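Let me begin by presenting the structure, written as structure tokens, before commenting on it.
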Amino acid sequence: FQAVLSIRGSESLFKIVETNDFKQLPHITLAFRPGNDAAVKQFLAFRLLEVKGNAEDLTTQLARMTVRQLVLQQSVTQPAPSWAAHSSSWWRYKSSTTSTC
Numbered sequence: 291f292q293a294v295l296s297i298r299g300s301e302s303l304f305k306i307v308e309t310n311d312f313k314q315l316p317h318i319t320l321a322f323r324p325g326n327d328a329a330v331k332q333f334l335a336f337r338l339l340e341v342k343g344n345a346e347d348l349t350t351q352l353a354r355m356t357v358r359q360l361v362l363q364q365s366v367t368q369p370a371p372s373w374a375a376h377s378s379s380w381w382r383y384k385s386s387t388t389s390t391c
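Residue 354 in the working numbering sits at position 64 of the sequence shown, and the numbers go up by one each step.
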């Protein structure tokens, strides 16, 4: 791998390049351009709002999934009352209908 920095005027490129006997394959290329204080602040403010929005969405999604998990855990740990009633009545019926020889 090679790190390559190309500078042309005010623009520059930084590349990570894999070089073998047959070809050169760039894995990542970063373009740099000059920016003033206002442009950099505006860009960072936009990115911050984007990240905060994503974090808010993920927090909401996590809360929904946590509630769903708790509901499912409760349904698994607490047997349904109707199942217990049917189960015991079936055993009573089964024992009364079987005959011993």
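Glycine residues also receive a C-beta, built at the ideal position from the N, C-alpha and C atoms.
Here the structure is a predicted model, which means the values were calculated and not measured.
Practice item. For the alpha helix (DSSP H) containing Arg337, list its first residue and its last residue. Key: Under the DSSP assignment, Arg337 falls in the alpha helix (DSSP H) whose first and last residues are Asp327 to Thr367.
Check your understanding: Can you list, in chain order, the residues of its chain whose CB lies under 6 Å from that of Ala353, leaving out five sequence neighbours each side?
Key -> Closer than 6 Å at the Cβ level, and outside the excluded window around Ala353, lies no residue.
Review point. Per DSSP, Lys305 is paired with what?
Key: Note: Lys305 sits in a beta bridge opposite Val294 and Thr319.
Practice item. Would you check if the distance between the CB atom of Arg323 and the CB atom of Glu301 is smaller than 8 Å? Key: It is a contact, given that the beta carbons lie within the stated cut-off.
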